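*Asks:*
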Amino acid sequence: MGESFSGAGELETALYTLEDVLQHSTRDDCWIVVDGKVYDVTKFLLDHPGGDEVIIASTGKDATDDFENVGHSNSARAMMKEYVIGRANASTFPSKPSYSYSGSSTQAAPSVPDRSDLLIKVLQFVVPFFILCFALALRYLAKEERAPKVE
Ligand code: HEM
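Numbering (full-length UniProt numbering), first residue to last: 1 to 151.
#1: Any heavy atom of the ligand HEM closer than 7 angstroms to the CB of SER95?
#2: To the nearest angstrom, how far is it from the Cα of GLU145 to the Cα of ASP114?
#3: Which of the three DSSP states is assigned to THR17 in this structure?
#4: Return yes when the Cβ of ASN69 is within less than 8 angstroms of the Cβ of LEU15, no when it is not.
#5: Using DSSP with H/G/I as helix, E/B as strand and the rest coil, what is VAL41?
#6: Could you tell me if the beta carbon of SER58 falls within a distance shorter than 7 angstroms of some heavy atom in the ligand HEM?
#7: Use the C-beta contact count for ILE32: other C-beta atoms within 10 angstroms, 16 or more gives buried, fewer gives exposed.
#8: Considering only their Cβ atoms, is the gap separating THR17 from THR64 smaller than 8 angstroms?
#9: What do you get for SER116, buried or exposed, if any count of 16 or more other CB atoms within 10 angstroms of its CB means buried?
#10: Can you check which of these residues, MET79, CYS133 and ALA142, is closest to TYR39 by C-alpha distance?
#11: Put ASP117 into one of helix, strand or coil per three-state DSSP.
#12: From the DSSP secondary-structure annotation, give me the bridge partner or partners of VAL34.
#13: How many angstroms separate the CA atom of ASP20 from the CA atom of ASP62?
#14: Spell out the partners DSSP gives GLY86 in its beta bridges.
Below, the structure written as structure tokens:
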């Protein structure tokens with residue numbers, strides 16, 4: 001195994017399922033999953049510079065994307081080690097959709113827009129066009145009514 005933890009001791013061998021993680025989604029008992037590792041951040045919540053709400057919103061799922069999207073610093077990553085309690089059993093977590101055609105992913109390719117999507121797209125252009133035509137026709141008729149007819 002290429003990865004190693006520092007300071008986590010035996011706890012690192014604990015393997016948690018999504019079901020386990022879901023049981024710890026509150027302010028008083030808060031676990032998060034980042035990069036395949038499970039963290040008990042209950043004691044860190046109030047000290048988190050980004051606030052406790054964002055972390056609580058990232059519980060009960062794989063929070064890797066949430067964590068990475070913030071662009072956490074290296075010091076933030078170093079702090080995490082203190083809270084690691086084990087590993088996440090990947091097979092119990094829903095896999096992320098893959099939009100890549102390469103690699104060994106078994107995910108389906110991104111779906112081609114189906115007929116109803118196409119209809120909505122067409123209507124998005126056609127409906128405003130008809131409204132415009134209708135408005136112009138009304139304007140034209142109103143003008144005709146006002147203008148005296150010259151024989
Ligand atoms: C053990 C886990 C975590 C640790 C140790 C941690 C630590 C930190 C630290 C030290 C910062 C200050 C900025 C920096 O140094 O990068 C920060 C900011 C922040 N974190 Fe976390 N964080 C954790 C998990 C999360 C999660 C799961 C989220 C969910 C989205 C999150 C969202 C944020 C946000 C929104 C900020 C504020 C960014 C800003 O205002 O620029 N953090 N975090």
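Here a beta-carbon is modelled for each residue, glycine too, at the ideal position from N, C-alpha and C. In this text the structure is predicted, and so the values were computed from the model without any measurement.
*Replies:* In this structure, then:
#1: Judged by the Cβ position, SER95 fails to qualify as a neighbour of the ligand HEM at the 7 angstroms threshold, every heavy atom of the ligand being at least this far.
#2: 47 angstroms
#3: coil
#4: no
#5: coil
#6: Because some heavy atom of the ligand HEM lies under 7 angstroms away, the Cβ of SER58 counts as near it: yes.
#7: buried
#8: No, the Cβ-Cβ distance between THR64 and THR17 is not below 8 angstroms.
#9: exposed
#10: MET79
#11: helix
#12: LYS37
#13: 13 angstroms
#14: VAL38
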